[in-house]
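Counting from 1, one number per residue, gives the positions in the sequence shown under UniProt numbering.
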Amino acid sequence: MWNQLNDEEEERRLFGDQTAAGINFDEAYDIPIEISGIDEVPEGIETFKTIKLTEPLNRNIGLANYEKPTPIQKVSIPITLAGHDLMASAQTGSAFLVPVIEKMLASGRPQHYVEQTTGYNSRRQKATPVTLILSPTRELSSQIAKEAKKFTFKSGIKTVCVYGGASVQDQQRELDWGCDILVATPGRLIDFVTRGRITLANIGTLILDEADKMLEMGFEMQIREIVEELGMPQPEDGRQTLMFSATFPDAIQRLARSFLRDYAFISIGKVGSTTNNIEQRVMHIQENDKFRSLVSILSAHPEDLTLVFVETKINADRLEDLLIREGFRATSIHGDRAQWEREEALSEFRNHHATVLVATDVAQRGLDIPSVAHVINFDMPKDIQDYVHRIGRTGRVGHKGVATSFVNENCRGIVGPMLDLLRDSKQQVPSWLPELARNFSYRGGRGGRGGGNRSRDTRSGISSHRFTHGSRGGAAGGFEGMRRGGVSGFT
């Protein structure tokens with residue numbers, strides 16, 4: 001009886017906040033897909049019922065109200081289940097949890113084995129995970145771990161999350177009970193491995209999520225140390241490696257060639273662009289008028305969840321205070337906040353106790369809050385990729401979203417690339433924006449791709465398959481038409 005009550009409480013905790021309404025999956029699917037690096041592409045999936053999943057995973061997908069996979073899941077799940085290494089890019093949606101958990105369950109009930117080791121004065125526990133997921137931030141790590149626990153509910157698989165900025169002792173106590181899936185930031189993982197509290201010797205699946213962000217944050221040397229120097233099995237030992245990213249510049253593709261073997265490359269939509277689910281609005285507003293304009297926008301839709309980006313931590317605190325004085329339910333998040341403060345702010349926002357979250361770029365990636373209706377760039381970012389990642393917090397998992405940007409003469413570095421992006425995304429361009437870009441002597445970006453990041457596989461002599469996944473068609477029909485080593489088009 002006690003276990004049953006515990007299970008019911010855990011089920012409510014994991015699945016009680018599911019959002020099934022408002023999902024616009026059909027429109028989300030009407031985007032280009034390119035797959036390269038493998039000759040035979042497995043048939044895609046239309047619904048989760050299309051593939052025969054083990055019962056714990058199948059049940060949990062149902063509890064989560066997931067019926068149709070996201071575009072990246074439709075193509076990557078069968079490729080991953082077929083055993084291929086994978087390098088994938090998409091606008092939204094993590095694709096690795098379902099196939100990884102399915103493979104773990106199909107291979108037998110995980111034991112979350114704990115290796116006993118002897119120290120100077122006592123015996124120690126050493127966790128031996130079989131799946132490692134590396135991510136750049138504690139927020140993203142926590143979100144991935146939450147999703148993993150959701151999909152592994154009552155399956156016997158144990159997930160542990162370790163990251164910096166939180167208690168080492170608390171994380172160690174959780175590791176002492178063992179783990180099967182380990183979600184980690186690079187620095188904290190290296191710390192636990194060098195302490196002898198985690199071994200990577202049993203890793204069968206390695207996932208690098210938001211790989212471009214990890215490189216931007218300077219983690220490349222730590223990632224190479226983890227993968228190459230801490231006893232992890234290598235590709236020739238049978239390790240499967242999956243790499244996911246929003247963008248794939250040359251540095252990321254070089255990293256992929258180091259860690260992946262004969263991998264499939266999947267590009268969903270144009271890398272470095274934005275999803276059609278986001279309506280982008282640009283307003284020409286001087287600095288002194290920003291707050292008045294923000295209040296006007298928020299007052300029009302007071303119950304919508306709105307994420308407001310500012311440049312500095314001081315501005316985040318100041319804007320939160322000003323909005324509260326105006327009667328808005330506001331909170332804020334930035335890098336100087338303690339972990340518990342950040343988690344509390346996010347919880348208030350997710351649960352609609354606060355409808356406005358003021359944030360620095362600490363929140364531009366990794367925060368999975370499906371019901372964010374509006375992103376406002378109160379202060380514009382310096383780089384177009386940061387702009388893409390910021391507005392990508394809305395319009396997620398098929399929802400419609402709005403992104404509003406306050407632009408003026410202080411935005412010299414981003415106006416031109418943003419103009420290219422708006423045109424490329426077929427968004428409405430204000431009449432004054434091209435003139436402002438010309439005043440900044442902007443002559444156009446490299447192919448209008450918003451920063452020039454590569455969206456295609458840079459390897460030579462490989463098979464490539466391209467098609468447009470329409471809402472009436474389907475991945476399955478598209479894949480059946482692909483020819484070996486060639487390029488096919490589908491609408």
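Glycine residues also receive a C-beta, built at the ideal position from the N, C-alpha and C atoms.
- The way I'd put it, the stretch 382-394 doesn't touch the stretch 251-267; fewer than three beta-carbon pairs between them come closer than 8 Å.
- Collapsing the DSSP output to three states places Q171 in a helix.
- The residues L307, V308, F309, V310, A316, S332, I333 and H334, in chain order, have a CB closer than 8 Å to that of A359 in the same chain once the five nearest residues on each side in sequence are set aside.
- N6 carries a helical assignment under DSSP once its states are collapsed to helix, strand and coil.
- Annotation: the stretch 332-376 contains the following complete segments of the alpha helix (DSSP H) (minimum length 4 residues), in chain order: 339-350.
- In the displayed model, G156 falls within coil according to three-state DSSP, outside both helix and strand.
- Taking the CA atoms as reference points, E102 sits about 45 Å from V415.
- Around the beta-carbon of A300, fewer than 16 other beta-carbon atoms lie within 10 Å, marking it exposed.
- When N276, K52 and K426 are compared, the shortest CA-CA separation from R396 is found for N276.
- Look at the stretch 246-270 and you find these whole runs of alpha helix (DSSP H), each 4 residues long or longer: 250-259.
- The three-state reading of DSSP puts Q73 in helix, counting H, G and I together.
- The three-state reading of DSSP puts G187 in helix, counting H, G and I together.
- Collapsing the DSSP output to three states places L206 in a strand.
- For L419, the enclosing alpha helix (DSSP H) starts and ends at R412 to D424.
- A buried status is given to E139, since no fewer than 16 other beta-carbon atoms sit within 10 Å of its beta-carbon.
- The way I'd put it, the stretch 227-243 doesn't touch the stretch 169-177; fewer than three beta-carbon pairs between them come closer than 8 Å.
- V193 and P430 do not touch by the CB rule: their CB atoms are close to 52 Å apart, not below 8 Å.
- P235 sits in a helix when the DSSP states are folded into three classes.
- Cβ neighbours of D304 within its own chain (closer than 6 Å, five residues either side excluded): A373 and H374.
- In the displayed model, S293 falls within a helix according to three-state DSSP.
- Contact between F406 and S293 holds: CB atoms are separated by about 7 Å, below the 8 Å threshold.
- DSSP, reduced to helix, strand and coil, places V98 within a helical segment of the structure shown.
- Of the candidates N6, T137, D85 and K149, K149 places its Cα closest to the Cα of L63.
- Here R224 carries a helix assignment [DSSP, helix/strand/coil].
- DSSP places H284 inside the beta strand (DSSP E), whose first and last residues are I278 to H284.
- Between the stretch 345-355 and the stretch 321-332, the count of C-beta pairs closer than 8 Å reaches three or more; the two stretches touch.
- The Cβ-Cβ distance between V183 and I223 does not fall below 7 Å.
- Taking C-alpha positions only, P129 is separated from S141 by approximately 16 Å.
- In this structure, K154 lies near P56, with their beta-carbon atoms less than 7 Å apart.
- Closest by C-alpha distance to I198, out of V75, D321 and T131, is T131.
- With contact defined as three or more Cβ pairs closer than 8 Å, the stretch 156-165 and the stretch 78-92 are not in contact.
- Taking 7 Å as the cut-off, the Cβ atoms of I207 and L242 count as close.
- Rounded to the nearest whole angstrom, the CA to CA distance from L298 to Q286 is 18 Å.
- In the DSSP annotation of this structure, I38 is not part of any beta strand (DSSP E), being labelled neither H nor E.
- With a contact defined as Cβ atoms closer than 8 Å, P78 and E43 qualify at about 6 Å.
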